[in-house]
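One structure is given here, and the rest of the page talks about it.
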Amino acid sequence: MAIKAQLFITCLAEQFFPDVLKRMIGLLERLGVQVEFPEEQTCCGQPFFNSGYRSQARDLAVKWLKVFGRTDGFIVSPSGSCVDTVRHHFPELFPPGSAEHRQAEEAAARTFEFTQFLVQQLKVTDVGARFPRKVTYHASCHLLRGLAARDEPKALLRAVQGLELVPLPGEETCCGFGGSFSVIYPEVSKAMMEAKVRAIESTGAEVVAVGDAGCIMNIAGGLRKAGSPIRTMHLIEILTAGKEAA
Amino acid sequence: MSQAREEILGKLRQAYGRGPGAPVANIPPTARIVPRTTAAPETELAQLLTEIGKLSGVTRRVASMDGFRAALADLVRAEGVKRATCWTTPEMDAWGVAAALQALDVEIVPADADKYLVAACELGVTGVDAALPETGTLALTSSPDRPRVASLLPRVHLALLRPAVLRPDLHQVFAETQAAGYSVLISGPSRTADIELTLTLGVHGPKSLYVWVMEMA
Amino acid sequence: MSQVPTTIDFRRNTQAVPAQMPAAVQKATAKFLGNRAVLVEALGNEYWQTLRQAGHDIRLHAITHIEHYLEKAEAAVTRAGGQVHWARDAEEARRILLDIAARHRVKLAVKGKSMATEEIGLNHALEAAGIRVLETDLGEYIVQLKGVGPAHIVVPAFHLSKEEIAALFHEKLGVDAPAEAEKLTQIARMKLREEFLSAEMGISGGNFLVADTGTIVTVTNEGNGRMCTTVPPVHVAVVGIDKVVPDWESLTVLLKLLARSATGQKLSCYTQFISGPPRSAAETGPREMHLILLDNGRSRILKTPACRETLLCIRCGACLNICPVYNNVGGYAYGYPISGPTGVIFASQILGPKVAGALPFASTLCGACNEICPVKIPITQILLHLRRRVVEGDETEDAAAPHSLRLGAQVGAVAIGTPGLYRLGSELLKRLQAPFVRGGWMPRLPAPLNRWTMSRPFPAFAADFRQWWRDRPAAGGKRGNNEPGA
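Protein chains in written order, with this note's numbering: chain A, 230 to 475; chain B, 411 to 627; chain C, 135 to 620.
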């Protein structure tokens with residue numbers, strides 16, 4: 230029986246990085262995964278949850294659970310922060326013992342961020358990728374800490390043929406996106422982003438690899454503002470470089 | 411009792427939804443840790459002296475009374491000691507600390523003298539009630555013959571310890587010191603990094619700490 | 135600075151951060167983090183995690199049974215000859231201390247570093263009563279001379295250069311001070327010794343209060359804590375009720391965690407254990423010892439189960455050191471003596487959402503603080519609850535956010551949660567953005583998104599996935615599950 234994966238595309242990836250989604254599908258299918266896309270999905274509600282709008286977050290969680298609850302197989306997403314929300318915060322939104330709480334826990338148990346899905350569930354670290362460039366890696370906070378994905382992204386990068394992985398000073402330091410933080414406290418967000426950009430530039434890398442759309446928006450924008458030729462790429466783009474999207 | 415007391419205790423109970431005299435759970439086992447295990451006494455002593463050295467304390471092993479008096483003479487000279495205040499325990503008497511200092515023309519100021527006089531002493535001499543090798547720490551309790559000020563006010567603190575006072579960990583030290591009305595753990599001379607993160611010694615407590623291991627019988 | 139603020143405007147405060155502050159903060163925090171890392175590695179990560187769990191569990195046990203341990207502590211302090219007072223709020227704590235000072239005709243008080251005394255604005259009250267009060271921790275002494283509060287709970291004056299400090303000493307102390315740390319330290323030592331010896335009262339805080347024996351534990355490197363509690367004839371300790379621990383065994387865990395986490399020392403220079411005044415007249419030390427147990431909102435914090443762990447804090451400062459927000463703004467931006475992540479969760483609750491509603495949002499929720507906290511406080515979890523409290527209110531507090539914001543969020547959530555509206559919005563944005571787009575990015579956008587574009591361009595809306603999915607000749611002709619045709 231083929232492994233089935235429901236795509237949880239996430240609002241940010243859908244709006245700004247659709248190519249990442251297409252490539253993710255191509256890679257999953259090449260690995261033998263049967264991919265499905267529940268079309269009624271919109272947003273998991275993370276921005277509302279993180280900003281204190283718990284009622285609205287609950288409403289969106291109910292809708293998300295309705296869409297994905299009637300699917301089977303894994304639920305896979307290119308975003309660590311969205312998966313963190315589903316796995317850890319959805320159950321908090323409903324009273325323990327309630328039907329929704331059970332539903333949330335059931336969904337949480339089969340929802341995975343992409344690199345963790347590959348390494349932990351598919352047991353794959355070498356996807357046959359080739360990317361002969363100097364690359365540095367920024368560890369997105371929710372992926373790193375929320376999901377404890379310390380090893381999976383770098384294991385995948387190290388297996389890429391020709392890729393030279395150079396360490397990023399302050400790899401684990403937040404880039405300053407923080408969702409609404411970037412517009413509530415823009416001066417601090419700017420300072421954090423600029424520090425990240427300086428750190429990336431100091432590595433001499435050609436590419437910075439990132440696993441979360443929010444970080445990519447922030448870092449890519451910052452590098453562009455700084456006039457840097459360094460490219461910001463989602464891990465999935467590196468893992469599928471040179472291949473057509475599905 | 412005071413109204414404030416009743417109100418505060420009342421609010422605390424209310425926060426947990428319970429009345430007075432509610433049962434108290436046992437301290438969970440995961441809240442406890444196992445004490446450090448010791449190595450051989452000689453290794454422990456070596457570690458203690460190394461750690462004290464890292465903290466800018468100066469250590470010495472004293473093998474005889476003659477050696478003690480000679481070392482004391484060196485110290486008095488090097489640190490320009492004219493007045494000293496000391497513990498007056500039987501141990502200190504047995505080592506003849508006060509007598510040795512007086513023989514070096516050092517005036518002994520009793521710890522309960524006027525505090526300005528005590529504060530003017532260059533040297534304070536104490537014993538050590540327990541010592542911790544892992545952190546280079548000396549534990550001193552307080553009593554009429556163990557005045558606190560001796561390890562606090564003078565610029566130089568000389569601590570005399572017997573090897574038998576070494577303890578593996580805080581657990582054993584606390585078991586012995588908790589009944590005392592006052593104790594202090596001293597780890598090196600007084601220090602601060604408040605100015606530009608630069609380490610300086612001798613802020614308010616002693617600027618120099620000498621720790622001598624008294625190994626004579 | 136130690137006065138209770140009206141409203142904390144975190145954004146305005148961050149805009150006023152002096153240019154040299156971030157570099158100064160980062161120099162200080164890097165040093166502490168580096169030293170800490172060496173010691174944690176020497177202990178081994180596995181053992182360190184065991185210690186953290188033990189620290190969490192003992193502190194949680196203590197505040198879960200807080201009134202039991204406080205009563206025990208009170209009885210023990212009283213047996214040991216100390217006098218215990220209870221203060222419901224800052225004003226009461228100040229009044230109690232002023233009464234003691236009046237009885238002893240105190241003209242000068244010397245003070246060790248204590249966040250609790252800053253919290254209650256003690257210095258201001260003493261000075262208003264005509265009593266000189268001197269901070270004796272070198273960093274606190276310096277910022278006191280300058281007339282500002284602490285910028286970091288462990289190194290309050292880290293942001294001042296030695297030249298600035300030398301100038302300050304020259305101006306305020308009338309001494310010719312060379313700009314060298316060693317010499318400045320000696321000047322402070324000499325000046326403060328005179329004060330220690332002549333003060334009628336010594337004031338301290340307490341890092342811990344041991345219930346079994348009524349023991350106040352103070353932790354310092356300089357010796358000022360010992361001076362304040364030994365030399366003057368009267369000692370008053372102001373200790374938050376959350377500081378209580380059951381027994382001395384508890385201390386073995388907490389003392390192994392505290393200095394390593396704070397400054398990367400195995401133990402601070404002086405850890406002092408005071409159980410009442412000296413037991414005999416022949417012993418040197420204060421003649422009278424008072425303990426003021428301070429509530430000032432802590433009992434209120436305990437009302438919310440999700441927030442109780444706020445009170446586990448042992449005030450090490452590690453979360454400040456690792457926080458990327460703190461590292462870019464320093465302590466003053468938070469408008470409260472305790473800053474950084476622990477300051478945010480504490481102050482938010484002590485001051486309430488109307489005054490401190492901005493604080494819970496002063497975080498990207500990166501979670502570095504959770505990982506470094508020696509007693510495993512789930513700081514970001516508490517922040518999330520406090521954000522919800524500001525926006526929606528909870529059992530303890532009313533919402534502080536304006537109604538219009540909540541209305542906007544409701545509208546937004548409905549729009550985003552309704553697939554048809556969501557997809558429509560997506561298409562609209564792609565069309566509306568056209569005048570702003572340059573090369574796949576939007577360098578300038580109107581308010582409020584100009585808050586983003588002031589620092590970096592915003593990416594262009596480019597949603598085409600759903601159409602692509604429908605158009606692709608998918609394996610087995612599958613589309614979404616159970617979905618009607620588009």
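We put the CB at the ideal spot given by N, CA and C, even for glycine. Please read all numbers here as calculations on a predicted model, not as lab measurements.
8 Å Cβ cutoff, residue i in contact with chain F
| i | result |
| --- | --- |
| Arg577 of chain B | Of the protein chains in this structure, namely A, B and C, none is chain F. |
Assigned exposure category for residue i - 16 Cβ within 10 Å defines buried
| i | result |
| --- | --- |
| Ser538 of chain C | exposed |
| Asp429 of chain C | buried |
| Leu555 of chain C | exposed |
| Tyr366 of chain A | buried |
| Asn179 of chain C | exposed |
| Tyr275 of chain C | buried |
| Gly534 of chain B | buried |
| Lys241 of chain C | exposed |
| Asn436 of chain B | exposed |
| Val621 of chain B | buried |
| Thr319 of chain C | buried |
| Pro439 of chain C | exposed |
| Val545 of chain C | exposed |
| Asp604 of chain B | buried |
| Asp579 of chain B | buried |
Alpha-carbon to alpha-carbon, residue j and residue i
| i | j | result |
| --- | --- | --- |
| Ala452 of chain C | Lys161 of chain C | 14 Å |
| Asp478 of chain A | Gln278 of chain C | No statement about residue 478 of chain A is possible, as the shown extent of chain A runs from 230 to 475 and does not include it. |
| Val507 of chain B | Ala521 of chain B | 15 Å |
| Arg413 of chain C | Ala214 of chain C | 8 Å |
| Ala377 of chain A | Asn504 of chain C | 13 Å |
| Ser409 of chain A | Phe592 of chain C | 14 Å |
| His567 of chain B | Met626 of chain B | 21 Å |
| Arg523 of chain C | Ala581 of chain C | 27 Å |
| Leu422 of chain B | Gly474 of chain C | 27 Å |
| Glu208 of chain C | Gly348 of chain C | 7 Å |
| Arg493 of chain B | Ala530 of chain B | 7 Å |
| Glu501 of chain B | Ile456 of chain C | 48 Å |
| Asn616 of chain C | Lys165 of chain C | The predicted position of Asn616 of chain C is uncertain, since its pLDDT is 40 and thus under 50; a value taken from the coordinates is nonetheless stated next. Looking at the two C-alpha atoms, the distance is approximately 58 Å. |
| Glu452 of chain B | Glu334 of chain A | 57 Å |
| Ala589 of chain B | Ile443 of chain B | 22 Å |
| Gly419 of chain C | Thr440 of chain B | 38 Å |
| Lys564 of chain C | Lys454 of chain A | 22 Å |
| Pro152 of chain C | Pro438 of chain B | 47 Å |
| Pro396 of chain A | Val356 of chain A | 22 Å |
Residues near residue i in its chain [Cβ-Cβ closer than 7 Å; skip 5 each side]
| i | result |
| --- | --- |
| Phe442 of chain A | Looking at the sequence shown, residue 442 of chain A is not Phe but Ala. Excluding sequence neighbours, Ala442 of chain A sits near Thr239, Leu241, Ala242, Phe245, Phe246 and Ser308. |
| Val309 of chain C | Phe303 and Ile321 |
| Arg432 of chain C | Gly374, Ile375, Asp376 and Leu445 |
| Ser402 of chain C | Val353, Thr354, Asn355 and Ala393 |
| Thr461 of chain A | Val437, Val439, Ile445, Ile448, Ala449 and Leu452 |
| Gly527 of chain C | Ala533 |
| Ile550 of chain C | Tyr556 |
Cutoff 6 Å; reference residue i; Cβ partners in own chain excluding five residues on either side
| i | result |
| --- | --- |
| Ala263 of chain C | Leu232 |
| Gly612 of chain B | Ser600 |
| Arg558 of chain B | Ser552 |
Own chain residues within Cβ distance below 8 Å of residue i, not counting five before or after
| i | result |
| --- | --- |
| Leu394 of chain A | Val364, Thr365, Tyr366, Lys383, Leu386 and Arg387 |
Would you call the stretch 351-364 of chain C in contact with the stretch 406-420 of chain C, where contact means no fewer than 3 C-beta pairs closer than 8 Å? Yes, the stretch 351-364 of chain C touches the stretch 406-420 of chain C.
Runs of alpha helix (DSSP H) wholly within the stretch 411-463 of chain B (minimum 4 residues, chain order): DSSP assignment within the stretch 411-463 of chain B yields the following whole alpha helix (DSSP H) runs of 4 residues or more, N-terminal first: 413-425.
So within the stretch 340-375 of chain A, which uninterrupted alpha helix (DSSP H) runs reach at least 4 residues, ignoring any that extend past its ends? If we require 4 residues or more, the stretch 340-375 of chain A turns out to have no alpha helix (DSSP H) run fully inside it.
Does the stretch 464-480 of chain C touch the stretch 279-290 of chain C, meaning 3 or more C-beta pairs lie closer than 8 Å? Yes, the stretch 279-290 of chain C is in contact with the stretch 464-480 of chain C.
Examine the Cβ distances between the stretch 532-550 of chain B and the stretch 459-469 of chain B and report whether three or more of them are shorter than 8 Å. Yes, since at least three Cβ pairs between the stretch 532-550 of chain B and the stretch 459-469 of chain B fall closer than 8 Å, the two stretches touch.
Which ranges does the alpha helix (DSSP H) cover as unbroken runs of at least 4 residues, wholly within the stretch 210-245 of chain C, from first to last along the chain? Counting only runs of 4 or more, we get 224-237.
Runs of beta strand (DSSP E) wholly within the stretch 562-622 of chain B (minimum 3 residues, chain order): Those beta strand (DSSP E) runs which fall completely within the stretch 562-622 of chain B and span 3+ residues are 566-571 and 592-596.
Determine, using beta-carbon pairs with one atom in the stretch 309-321 of chain A and one in the stretch 335-345 of chain A, whether at least three such pairs fall under 8 Å. Yes: the two stretches touch, three or more of their Cβ pairs being nearer than 8 Å.
Taking 8 Å as the cut-off, does the stretch 430-440 of chain A touch the stretch 414-434 of chain B (at least 3 CB pairs, one atom from each stretch)? No contact exists between the stretch 414-434 of chain B and the stretch 430-440 of chain A.
Ignoring anything shorter than 3 residues, give me the beta strand (DSSP E) runs that lie fully in the stretch 280-324 of chain C, in order along the chain. For the stretch 280-324 of chain C, not a single whole beta strand (DSSP E) run of length 3 or above is found.
Which parts of the stretch 372-411 of chain C are runs of the beta strand (DSSP E), unbroken and 3 residues or longer, counting only runs that do not cross its ends? Listed in chain order, the complete beta strand (DSSP E) runs (minimum 3 residues) inside the stretch 372-411 of chain C are 404-408.
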